[in-house]
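Each remark here refers to the structure printed beneath this line.
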Amino acid sequence: GSIGQAEGDLVGLRVLVTAGGTREPIDPVRYLGNRSSGKQGVAVALAAADRGAKVVLLAANIDDAVLSEVAHRAEVRVVPVGTTAELESAAHAASAGAEAVIMAAAVADYRVADVADQKIRKEDAPGEAPTLTLVENPDILVGLVRDRRPGQVIVGFAAETVSTEEELLERGRRKLLRKGVDLLALNAVGWSEGFESGDNDVRVLDADGTVVSSVSGTKREVAERLLDAVRHELDAAAR
Ligand code: CTP
Ligand code: CA
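Per the UniProt record's numbering, the sequence shown starts with residue 222, numbered consecutively.
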């Protein structure tokens, strides 16, 4: 595009993207986390910016090497977060000013009930493995749907370990209903599929559970097709 003149089908839109994986502290040196690299969410943020949107990217523990793709972009405001509680408050604050919310972050489902303020040391309890008591975290996405702006389009992500395509879609449809989102980006994961990779294989479901897009390609390609679906939902909400 020409300098200083935004173009694209998302011009004038503010998009909130969450990406990466939240971490829950155990003690000052340890945490519970997950394998999300943040690459898919960063690809969505970049694609949205390229299509003219103003983007807030809530980045949960994403490597600088991954974040460097968007770090230099004036249209993308990157806000680092660590825990689920931090992501939740940042997401509610940013969602109030966004027409579309894309919740690609992998949220830790549980946090440690009593975080130790000193390192847990073997010396303090020789031969005894500690037991961690966990408490369930709030569902951020459900809260965002509950507090949504009129016409706001909200997208969830689900990565499922499944044995068949049928099971993937069935689990996706149940999750979609439970969350009340407009779109769900669904993919299969396992020990060796779905993480860290540059590629992804995604089904996009709409609120009826219909597969509106099926993309196997780079995370950028997946991001573009997902944003097509978001654009379509925004248009439908405006009618
Ligand atoms: N999510 C969230 N808050 C949570 C858990 C999940 O906002 N506490 C969001 C994720 O960011 C994602 C969607 O909900 O967009 C689905 O996440 P997933 O982990 O698949 O859903 P869960 O309800 O946690 O179900 P599961 O037991 O399968 O992990
Ligand atoms: Ca979960």
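Cβ coordinates follow ideal geometry from the N, Cα and C atoms, glycine included.
Sub-9 Å separation of residue i and residue j beta-carbons
i	j	result
Thr239	Gly262	yes
Val297	Leu267	yes
Gly242	Ala315	no
Gly259	Ala280	yes
Leu398	Gly430	yes
Val423	Ile323	no
Ala444	Val265	yes
Val333	Glu245	yes
Arg446	Ser434	yes
Lys275	Leu308	no
Coil, strand or helix - residue i by DSSP
i	result
Lys236	In the sequence under discussion, the amino acid at residue 236 is Val, which differs from the Lys named in the question. Strand.
Gly222	Confidence at Gly222 is low in this model, with a pLDDT of 49, below 50, so the placement of that residue should be treated as unreliable; the coordinate-derived value is given next. The answer is coil: DSSP assigns Gly222 none of H, G, I, E or B.
Gly241	strand
Ala266	helix
Ala295	coil
Leu231	coil
Ala281	strand
Val287	helix
Thr385	coil
Entirely enclosed alpha helix (DSSP H) segments - the region 298–383, minimum 4 residues:
305–316, 361–367
Taking only runs that begin and end inside the region 387–457, name each unbroken alpha helix (DSSP H) of 4 or more residues, in chain order.
none
Inspect the CB distances between the region 358–373 and the region 284–292 and report whether three or more fall short of 8 Å.
no
List in chain order the residues whose CB is within less than 7 Å of at least one heavy atom of ligand 2.
Val328, Asp330
Would you be able to state if there are at least three C-beta pairs under 8 Å between the region 303–314 and the region 336–343?
no
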